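Taken in sequence, the protein lines are chains A and B. Its first residue numbered 1, the first sequence is counted upward by one per residue in the numbering used here. Its first residue numbered 1001, the second sequence is counted upward by one per residue in the numbering used here. Okay, structure first, notes after.
Protein chains: 2
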Amino acid sequence: MLGKEYERQECSLARALEVIGERWTLLIVRDAFYGVQRFNDFHAHLDIPKAVLSDRLNGLVEDGILERRRDPEHAGRHLYALTPAGRDLWPVLHAMLVWGGRYREPNSRVFRHSRCGTLLDDAGACPACGTTPPPEEIVSELRRGRGKVRSDPVAVALREPHRLLEPLQVG
Amino acid sequence: MLGKEYERQECSLARALEVIGERWTLLIVRDAFYGVQRFNDFHAHLDIPKAVLSDRLNGLVEDGILERRRDPEHAGRHLYALTPAGRDLWPVLHAMLVWGGRYREPNSRVFRHSRCGTLLDDAGACPACGTTPPPEEIVSELRRGRGKVRSDPVAVALREPHRLLEPLQVG
DNA sequence: AGTCTCAGGTTCGATGACTGAACTCAAGGA
DNA sequence: TCCTTGAGTTCAGTCATCGAACCTGAGACT
């Protein structure tokens, strides 16, 4: 995005948008919540040009949203995982998912509290427990009849219910 | 933004980003919550090129986030106001303000429940009332010692506490 | 050793979005 | 009448994004 900064805005919204406001960035963060960790998996699932993906991943690492680690199983490869600051983006993501689901198109996935199996409400809280579960306690599963469009390995792996932040077994 | 769409993503987050994911869009929506209604006021407060502002306002009207009305006091001018769908973006905005305030820079404004004067918590709820007030019941005021940077008429008008969505008296 | 494949990038030209400045146009005031 | 102000539109230059092609290092295969 041309001039991703909004320097003249003295506002924490502007500061947040400088980090997560660029094209593709929030979709990358979403996939990170879904457990995607590898460059190729992001690439396969997002249809994003590799150059842009590389740029965004570097930016997210620099900004402290993602952490880059060496892949212990494959020398020379990396794994990307959300930092605590990145995990704290869950309320933002959830609010956008809810809004989009209400006004654009129902989301293809639903979210349950892993402790009790109850569907989360629009505020991200569990009506049964009366708490707002952190992402580690949220299980995401496909809504019936949806999610058959994409056939990349990540989309296939995500057809099974899956706990957020848990590394996805791809392929 | 080049190809603002994310067609291959079957996800309500992608749908939401197609509407509010472009540069400047969320800052325009923020100002609309602050009561900004006129083209020139958005322009003065955001330092946004007029061509882009015009494009974004048209897009937001098309997408049902803003409503364009004739200005009853000035023939040929317009007023922009949030639709119900636009007002429902408040949780998204608030979540981003909170995240940016925590990890980037404390926000220059704070938010209180107008009924009881209590500061809202990070989830946007009023701890005293136990409810999550809608934007019409939220008063925003400058945090002490902040907000002296900009001197445009909108920034000046916003130095007084102000109820969200209430048209701002500028100039 | 030489070749193949694959993940994870980088490089490249073409296309399209953003920018600031200049321009237009209509309404209202001096 | 001229001037100003609000609300845009137009335009050339700059910059981001796109998709395709290319590169590199690590195993794996022959």
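Idealized CB from N, CA, C, for every residue including glycine. Note that this is a predicted model, so its numbers are computed, not measured.
Taking DSSP as the reference, what is the three-state secondary structure of residue i?
| i | result |
| --- | --- |
| residue 89(A) | coil |
| residue 1165(B) | coil |
| residue 20(A) | helix |
| residue 105(A) | coil |
| residue 1151(B) | coil |
| residue 1(A) | Residue placement at residue 1(A) cannot be trusted, given a pLDDT of 46 that sits under 50; the coordinates are not used to answer. |
| residue 1011(B) | coil |
| residue 1120(B) | coil |
| residue 136(A) | helix |
| residue 1027(B) | helix |
| residue 156(A) | helix |
| residue 55(A) | helix |
| residue 1171(B) | coil |
| residue 35(A) | coil |
| residue 75(A) | coil |
| residue 41(A) | helix |
Nearest to residue i by alpha carbon, out of the options?
| i | options | result |
| --- | --- | --- |
| residue 1046(B) | 1144(B), 1120(B), 1127(B) and 1029(B) | 1029(B) |
| residue 5(A) | 1043(B), 1044(B), 1048(B) and 1011(B) | 1048(B) |
| residue 1142(B) | 1155(B), 1134(B) and 1051(B) | 1155(B) |
| residue 1065(B) | 1101(B), 1087(B) and 1054(B) | 1087(B) |
| residue 98(A) | 81(A), 116(A), 82(A) and 121(A) | 121(A) |
| residue 1063(B) | 1096(B), 1089(B), 1113(B) and 1050(B) | 1089(B) |
| residue 1082(B) | 1161(B), 1019(B), 1107(B) and 1060(B) | 1060(B) |
| residue 80(A) | 34(A), 14(A) and 101(A) | 34(A) |
| residue 1163(B) | 1023(B), 1151(B), 1073(B) and 1115(B) | 1115(B) |
| residue 1085(B) | 129(A), 102(A) and 106(A) | 102(A) |
| residue 117(A) | 106(A), 140(A) and 100(A) | 140(A) |
| residue 133(A) | 25(A), 21(A), 91(A) and 36(A) | 91(A) |
| residue 13(A) | 1036(B), 1129(B), 1013(B) and 1106(B) | 1106(B) |
Could you compute how far the alpha carbon of residue i sits from the alpha carbon of residue j?
| i | j | result |
| --- | --- | --- |
| residue 104(A) | residue 1008(B) | 15 Å |
| residue 1136(B) | residue 157(A) | 43 Å |
| residue 187(A) | residue 131(A) | For residue 187(A) there is no data in the structure shown, the boundaries of chain A being 1 and 171. |
| residue 40(A) | residue 166(A) | 18 Å |
| residue 1149(B) | residue 38(A) | 43 Å |
| residue 1017(B) | residue 1119(B) | 29 Å |
| residue 1168(B) | residue 78(A) | 50 Å |
| residue 51(A) | residue 57(A) | 10 Å |
| residue 95(A) | residue 1138(B) | 18 Å |
| residue 123(A) | residue 71(A) | 36 Å |
| residue 108(A) | residue 68(A) | 29 Å |
| residue 181(A) | residue 160(A) | Because chain A in this structure spans residues 1 to 171, residue 181(A) falls outside the shown range and cannot be described. |
| residue 1053(B) | residue 1027(B) | 11 Å |
| residue 153(A) | residue 44(A) | 8 Å |
| residue 126(A) | residue 1074(B) | 49 Å |
| residue 1032(B) | residue 31(A) | 31 Å |
| residue 1055(B) | residue 1019(B) | 13 Å |
| residue 1151(B) | residue 1042(B) | 14 Å |
| residue 1001(B) | residue 23(A) | Bear in mind that a pLDDT of 45 at residue 1001(B), under 50, signals an unreliable position, so the number given afterwards is only what the model happens to contain. Cα to Cα, residue 1001(B) sits roughly 8 Å from residue 23(A). |
| residue 146(A) | residue 11(A) | 39 Å |
| residue 1110(B) | residue 1100(B) | 13 Å |
| residue 36(A) | residue 1015(B) | 21 Å |
| residue 1025(B) | residue 25(A) | 16 Å |
| residue 21(A) | residue 1093(B) | 12 Å |
| residue 76(A) | residue 1129(B) | 54 Å |
| residue 144(A) | residue 1144(B) | 51 Å |
Taking only heavy atoms of the ligand HEM into account, decide whether any of them is closer than 7 Å to the Cβ of residue i.
| i | result |
| --- | --- |
| residue 161(A) | Looking for the ligand HEM in the displayed structure turns up nothing, as the structure carries no ligands at all. |
Considering only DSSP beta bridges, list what residue i is partnered with.
| i | result |
| --- | --- |
| residue 1006(B) | Per DSSP, none; premise fails for residue 1006(B). |
| residue 141(A) | 110(A) |
| residue 1081(B) | 1067(B) |
| residue 1126(B) | 1131(B) |
Pull out every residue of the region 1095-1121 of chain B whose Cβ sits closer than 8 Å to any Cβ of chain A, in chain order.
-> Answer set for the region 1095-1121 of chain B: 1095, 1096, 1097, 1098, 1099, 1100, 1101, 1102, 1103, 1104, 1105, 1106, 1107, 1108 and 1109.
Anything in the region 65-88 of chain A with a Cβ closer than 7 Å to a Cβ of chain B? List those residues in chain order, please.
-> 85 and 88
Chain-ordered residues of the region 8-20 of chain A with a beta carbon less than 9 Å from chain B = Result list: 8, 9, 10, 11, 12, 13, 14, 15, 16, 17, 18, 19 and 20.
Proximal residues, the region 121-133 of chain A versus chain B, C-beta separation under 9 Å = 122, 123, 124, 125 and 132
Chain-ordered residues of the region 32-45 of chain A with a beta carbon less than 9 Å from chain B | 45
Residues from the region 149-162 of chain A in contact with chain B, defined by Cβ distance under 9 Å = 149, 150 and 155
Give the residues from the region 1048-1060 of chain B that approach chain A closer than 7 Å (Cβ to any Cβ), ordered along the chain.
-> Residues: none.
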